[in-house]
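Residue numbers (my numbering): 4 to 570.
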């Protein structure tokens with residue numbers, strides 16, 4: 004009799020453990036298929052970066068673990084300990100049945116439930132990416148000339164271990180090599196497997212099928228590794244160069260070998276810096292004793308294996324200071340990211356010097372008696388009419404030209420500012436009562452927007468609404484003739500790109516667009532919307548840092564917006 008309470012205690016503990024483990028495994032399978040995968044796809048559809056998705060999904064994984072322990076705690080304390088035996092055995096049996104069902108569907112990768120969650124098969128010249136292959140798939144790969152399979156399944160996961168064993172057996176039967184490089188989705192360190200991937204893909208020119216379980220997350224990691232190692236655009240994760248980061252604007256130059264901006268966030272280090280194939284960081288941050296950021300940055304850069312160079316600048320650097328940094332980064336033969344913490348005076352001066360070979364100097368905008376002046380980067384100043392003494396002071400900070408815009412028409416103002424930009428002259432624009440108008444126009448021609456471009460979304464068009472993609476990129480309807488003045492000229496559009504569909508537009512319409520652009524001195528480029536049109540479009544956008552306006556017929560704007568969203 005004395006052993007009965009003890010035996011019951013161990014029985015209760017055993018039931019608690021069975022309930023916890025089976026709920027975790029069985030419920031986890033359905034949580035993955037019906038919750039995690041759809042949410043991850045929703046984040047992808049919203050344009051989230053892979054790093055941001057990974058970061059968010061960690062909370063769902065940890066949340067499920069916490070949920071399992073909470074439910075099992077409630078099960079033990081309010082049902083098992085209180086000797087509700089019928090309910091105890093019923094819930095334990097239900098949890099076991101849940102696990103059996105979950106494992107059945109998980110191990111039967113050909114089932115409709117699993118296939119609905121799988122990613123697409125993406126085929127390349129040497130590498131094809133997709134979900135877990137059945138025996139018939141392996142046989143097909145062998146017949147099509149594949150040399151092996153790179154499996155990212157992780158044997159430490161109980162539900163993936165039997166699938167890996169089955170795959171190895173099937174591969175041996177059809178005489179395919181299997182390279183097991185275990186990775187974990189969303190959580191865990193995959194560094195060792197990534198290094199093995201690099202070794203494998205550079206050692207030979209064999210053809211491989213790369214897969215994880217669903218063919219979604221882990222295969223994307225390998226795609227990026229292959230692109231970095233082989234430089235093969237077929238496997239590249241393409242994206243349009245962004246013009247803003249969390250802490251400020253991002254500037255880049257025609258060959259895109261030099262990027263300039265603020266200190267990246269944790270996500271941006273991977274999605275914009277590492278993913279952008281930057282090989283060196285040049286930090287303008289001050290000595291570590293003034294801030295913890297340089298110490299944190301060195302650790303981050305070391306982890307993502309990028310060279311780090313410190314070239315701290317004062318709050319108001321001299322021209323020699325700027326020349327020193329510019330000379331160094333321009334001498335490099337690889338891609339470099341130069342940054343301060345935010346868009347500082349130093350980055351504004353560097354942007355001007357790297358782009359134009361010269362820059363205006365100073366931290367605060369110069370004071371003139373007739374009113375305030377406004378910086379346009381460090382390439383132009385806008386203000387009222389300065390007197391002789393003030394002109395001399397403006398020349399000392401680098402001003403070479405004083406351009407009289409007061410009293411001129413919009414078209415004349417646009418033409419003169421565009422000439423200053425094309426000739427790379429450090430100018431003071433005398434705007435008089437039109438200072439706001441001239442500032443907006445000059446900012447558009449040089450940068451699109453001084454901030455993030457939110458103000459551009461408020462512009463009303465006759466034929467519909469435009470969508471902002473970057474601070475210097477709008478996609479919208481065909482412009483009416485009056486809008487070349489009220490919008491394109493007034494907002495400083497540097498380039499109009501007409502995406503023409505041969506099936507819905509005529510030669511006469513194309514001729515009219517070119518004539519309207521020429522009449523207003525606005526650069527117009529026509530891109531035919533035929534197969535591969537993006538190969539012409541993206542370089543046009545990359546080469547123009549000012550405001551780009553892409554226009555096309557109403558029926559095609561959604562397609563263009565969807566295409567640009569992918570980048």
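C-beta: ideal position from N, C-alpha, C; glycine also.
Residue from the options whose Cα sits closest to the Cα of residue i
i: residue 340; options: 179, 263 and 510; result: 263
i: residue 455; options: 246, 159 and 305; result: 246
i: residue 403; options: 382, 85, 198 and 337; result: 382
i: residue 230; options: 27, 279, 559 and 72; result: 279
i: residue 483; options: 475, 149, 418 and 466; result: 466
i: residue 553; options: 154, 39 and 470; result: 470
i: residue 131; options: 297, 392 and 222; result: 222
i: residue 73; options: 41, 87, 27 and 88; result: 27
i: residue 277; options: 252, 309 and 91; result: 309
i: residue 412; options: 535, 436, 392 and 14; result: 436
i: residue 283; options: 126, 307, 269 and 419; result: 307
i: residue 271; options: 321, 342 and 201; result: 342
i: residue 548; options: 474, 518, 419 and 517; result: 474
Cβ neighbours of residue i in the same chain (closer than 8 Å, five flanking residues each side left out)
i: residue 377; result: 368, 384, 385, 386, 438 and 442
i: residue 574; result: Given that the chain is displayed from residue 4 to residue 570, the structure contains no residue 574 and the question cannot be resolved.
i: residue 138; result: 173, 176 and 177
i: residue 314; result: 285, 286, 287, 327, 328 and 331
i: residue 508; result: 556
i: residue 123; result: 133 and 218
Distance between residue j and residue i (C-alpha atoms, nearest Å)
i: residue 239; j: residue 317; result: In this predicted model, residue 239 has a pLDDT of only 49, less than 50, meaning its place in the structure is not dependable enough to derive any value.
i: residue 428; j: residue 399; result: 15 Å
i: residue 208; j: residue 129; result: 7 Å
i: residue 351; j: residue 333; result: 17 Å
i: residue 226; j: residue 19; result: 43 Å
i: residue 364; j: residue 281; result: 29 Å
i: residue 337; j: residue 34; result: 44 Å
i: residue 299; j: residue 319; result: 24 Å
i: residue 372; j: residue 450; result: 28 Å
i: residue 555; j: residue 501; result: 6 Å
i: residue 255; j: residue 171; result: 48 Å
i: residue 539; j: residue 430; result: 33 Å
i: residue 325; j: residue 312; result: 15 Å
i: residue 83; j: residue 30; result: 20 Å
i: residue 104; j: residue 36; result: 13 Å
i: residue 432; j: residue 224; result: 50 Å
i: residue 167; j: residue 196; result: 16 Å
i: residue 531; j: residue 541; result: 13 Å
i: residue 121; j: residue 214; result: 11 Å
i: residue 426; j: residue 462; result: 30 Å
i: residue 489; j: residue 149; result: 59 Å
i: residue 77; j: residue 85; result: 11 Å
i: residue 69; j: residue 92; result: 23 Å
Short Cβ contact (8 Å threshold) for residue i with residue j
i: residue 459; j: residue 497; result: no
i: residue 32; j: residue 95; result: no
i: residue 434; j: residue 408; result: yes
i: residue 250; j: residue 345; result: yes
i: residue 187; j: residue 153; result: no
i: residue 405; j: residue 396; result: no
i: residue 380; j: residue 354; result: yes
i: residue 503; j: residue 527; result: no
Same chain only: Cβ atoms within 6 Å of residue i, ignoring 5 sequence neighbours per side
i: residue 177; result: 141, 142 and 145
i: residue 164; result: 158
i: residue 23; result: 75
i: residue 216; result: 135
i: residue 453; result: 446
i: residue 478; result: 470, 553, 563 and 564
i: residue 491; result: 525
Neighbourhood of residue i by C-beta distance below 7 Å, restricted to the same chain and skipping five residues each side
i: residue 421; result: 448 and 524
i: residue 25; result: 98, 99, 101 and 102
i: residue 151; result: 179, 180, 181, 182, 209 and 211
i: residue 205; result: 232
i: residue 244; result: 255, 259 and 545
i: residue 107; result: none
i: residue 519; result: 484 and 487
Pair every Cβ in the segment 488-503 with every Cβ in the segment 443-450, then say whether three or more of these pairs are closer than 8 Å. yes
Spell out a yes or no on whether the segment 293-305 and the segment 320-333 are touching, meaning 3 or more CB-CB pairs, one atom from each, closer than 8 Å. Contact between the segment 293-305 and the segment 320-333 is not established, with fewer than three Cβ pairs separated by less than 8 Å.
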